[in-house]
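In this note's numbering, each number is its position in the sequence shown, counted from 1, plus 86.
A virtual CB, placed ideally from N, CA and C, is assigned to each residue, including glycine.
All values reported here derive from a predicted model rather than from experimental measurement.
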Amino acid sequence: MKLNARDARGFFSKPDPKRAGLLIYGPDPMRTALRRQEVIKALVGPQGDEEMRLTRIPASELRREPAMLMDAMTAQGFFPGQRVAFVEEANDTVIKSVEAAMNEWRPGDAFVVVTAGQLKPTSKLRKLFEGHNNAYAAAIYADPPGRDEIEEILRKAGLTDVSTDAMSDLIDLGRALDPGDFRQMVEKLGLYKHGDAAPVSSEDIEACAPLTMEAGLDDALDIVAEGRFAEIGPILSKLEGQGVQPVRLCIGANQHFRKLYSAASDPGGPEAGLARARPPVPYMRKDRLAKQARGWGAPKLEQALRVLIDTDLQLRSAQPVPQMALVERAMIRLAMMARN
Numbered sequence: 087m088k089l090n091a092r093d094a095r096g097f098f099s100k101p102d103p104k105r106a107g108l109l110i111y112g113p114d115p116m117r118t119a120l121r122r123q124e125v126i127k128a129l130v131g132p133q134g135d136e137e138m139r140l141t142r143i144p145a146s147e148l149r150r151e152p153a154m155l156m157d158a159m160t161a162q163g164f165f166p167g168q169r170v171a172f173v174e175e176a177n178d179t180v181i182k183s184v185e186a187a188m189n190e191w192r193p194g195d196a197f198v199v200v201t202a203g204q205l206k207p208t209s210k211l212r213k214l215f216e217g218h219n220n221a222y223a224a225a226i227y228a229d230p231p232g233r234d235e236i237e238e239i240l241r242k243a244g245l246t247d248v249s250t251d252a253m254s255d256l257i258d259l260g261r262a263l264d265p266g267d268f269r270q271m272v273e274k275l276g277l278y279k280h281g282d283a284a285p286v287s288s289e290d291i292e293a294c295a296p297l298t299m300e301a302g303l304d305d306a307l308d309i310v311a312e313g314r315f316a317e318i319g320p321i322l323s324k325l326e327g328q329g330v331q332p333v334r335l336c337i338g339a340n341q342h343f344r345k346l347y348s349a350a351s352d353p354g355g356p357e358a359g360l361a362r363a364r365p366p367v368p369y370m371r372k373d374r375l376a377k378q379a380r381g382w383g384a385p386k387l388e389q390a391l392r393v394l395i396d397t398d399l400q401l402r403s404a405q406p407v408p409q410m411a412l413v414e415r416a417m418i419r420l421a422m423m424a425r426n
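Okay, structure coming up:
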């Protein structure tokens, strides 16, 4: 049976051990691995591996020894409790072994977890689980976590009181970071707020967010805001080589230009606007950002934000457009606007 995205999240956190098994598949190995870890931990607990209630079977070994899954599924464990037979990196080459095990599954046997990469609708493995009356198939897409999913991750980290601004920052980070990095950041945030009854703030997020490559990103945004368009290509190539994703660049640019717009629109002048900015602007950058805000002016910054919003929408569309090229074009356009 198929699991839709909402039902899948519920099943991942609280799987039904009376079911025969679950297929988790998708194009992003990290997202698939995180969901697999969540399911297995919910079934066997944190000590399941040590108590030998979890059997890991690489698909390459299953191809050589087709009976491995059946043996692992029906074996009697030394320790009491739920057991799991886990097949990783599967595809249609192991369909006979998996199909035989699923057809022979009986109550009391190990729960079968199978992970795979992207599977076509015609995949035999996918059809097996989607057509089984006591097993599930769940597709994991490379979509950023939604608000409800972020709230669940926060709850598990012991964070239930989050300000509106902080939640907005977390949604942006959820789009920019890899799933594993995002969860680690939230766990770090939970430790950071331990014993602190105040709501999670943007300042707390800033203190715990990954600092890697932020300086390089600031440099790139300064280059754009100051109209140095000839330097855009080289620094974007450098950031791309360091692993910065186009979406992260777009989010960073949006935040930077929103900050400039708030500063340029402040009745007390750019310095006063930056002094009120949240999260606070580091004192080393205030003079530079004030100069940028004054040079652009609020009307032109509105135009810049429209360019960035359009770029963001195109990045999230299903059109097969090279994302880094899309961001580079927007950055060059902004830099040219700064010169005019």
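Within 8 Å, strictly: CB atoms of residue i and residue j
| i | j | result |
| --- | --- | --- |
| M188 | A221 | yes |
| V199 | G107 | yes |
| L346 | L375 | yes |
| V413 | C336 | yes |
| A390 | M422 | no |
| R139 | V170 | yes |
| M417 | V310 | yes |
| E174 | A145 | yes |
| I291 | D247 | no |
| I110 | T201 | yes |
| L399 | F343 | no |
| E130 | Q168 | First, the residue type needs correcting, since residue 130 is Val and not Glu in the sequence shown. Contact: yes. |
| G276 | A243 | yes |
| V333 | R261 | yes |
| E312 | Q378 | yes |
| D234 | M116 | no |
| E216 | M87 | yes |
| R150 | F172 | no |
| A363 | P356 | no |
| T99 | A128 | One detail in the question is off: residue 99 reads as Ser in this sequence, not Thr. Their beta carbons are under 8 Å apart, which means S99 touches A128 by this criterion. |
DSSP beta-bridge partners of residue i
| i | result |
| --- | --- |
| V199 | L108, F172 |
| V248 | V286 |
| K88 | A223 |
Enclosing beta strand (DSSP E) for residue i [first to last residue]
| i | result |
| --- | --- |
| I143 | 140-144 |
| A186 | Counting along the chain, A186 falls outside any beta strand (DSSP E), though it belongs to the alpha helix (DSSP H) covering 181-190. |
Span of the alpha helix (DSSP H), counted from its first residue to its last, around residue i
| i | result |
| --- | --- |
| A411 | 409-425 |
| A228 | Where A228 is concerned, there is no enclosing alpha helix (DSSP H), given that its DSSP letter is neither H nor E. |
| P152 | Segment: none, P152 is in no alpha helix (DSSP H) and carries neither H nor E. |
| V393 | 384-402 |
| G134 | Looking at the DSSP string, G134 is not in any alpha helix (DSSP H), and its letter there is neither H nor E. |
| A358 | 356-361 |
| L240 | 233-242 |
| G217 | 210-217 |
Residue closest to residue i, alpha-carbon to alpha-carbon, out of the options
| i | options | result |
| --- | --- | --- |
| L240 | F215, N219, A202, K279 | K279 |
| R392 | N340, P356, A94 | N340 |
| G338 | L129, G302, T141 | G302 |
| G329 | V286, K206, M410 | M410 |
| A186 | L387, L214, F172 | L214 |
| F165 | A176, D195, P353, G134 | G134 |
| R402 | S249, K210, A228 | A228 |
| D308 | L420, Q162, D258, G281 | L420 |
| L89 | K274, M370, R212 | R212 |
| R105 | G281, A161, F197, S99 | F197 |
| G96 | D373, S287, R121, D195 | R121 |
| L259 | K274, G281, P296, A284 | P296 |
| S348 | D195, G194, T397, G383 | G383 |
| A250 | S287, E238, P353, Q331 | Note on identity: in this sequence residue 250 is Thr, with Ala being the wrong assignment. For the residues S287, E238, P353, Q331, the minimum Cα distance to T250 belongs to S287. |
| A223 | R269, P231, K206 | K206 |
| R92 | K324, E147, E238, Q123 | E238 |
8 Å Cβ cutoff, residue i in contact with chain B
| i | result |
| --- | --- |
| T208 | Looking at the structure shown, chain B is missing, and only one protein chain is on hand. |
Any chance you could list the alpha helix (DSSP H) runs of at least 4 consecutive residues sitting entirely within the stretch 263-348, in chain order? 265-278, 288-294, 300-311, 318-327
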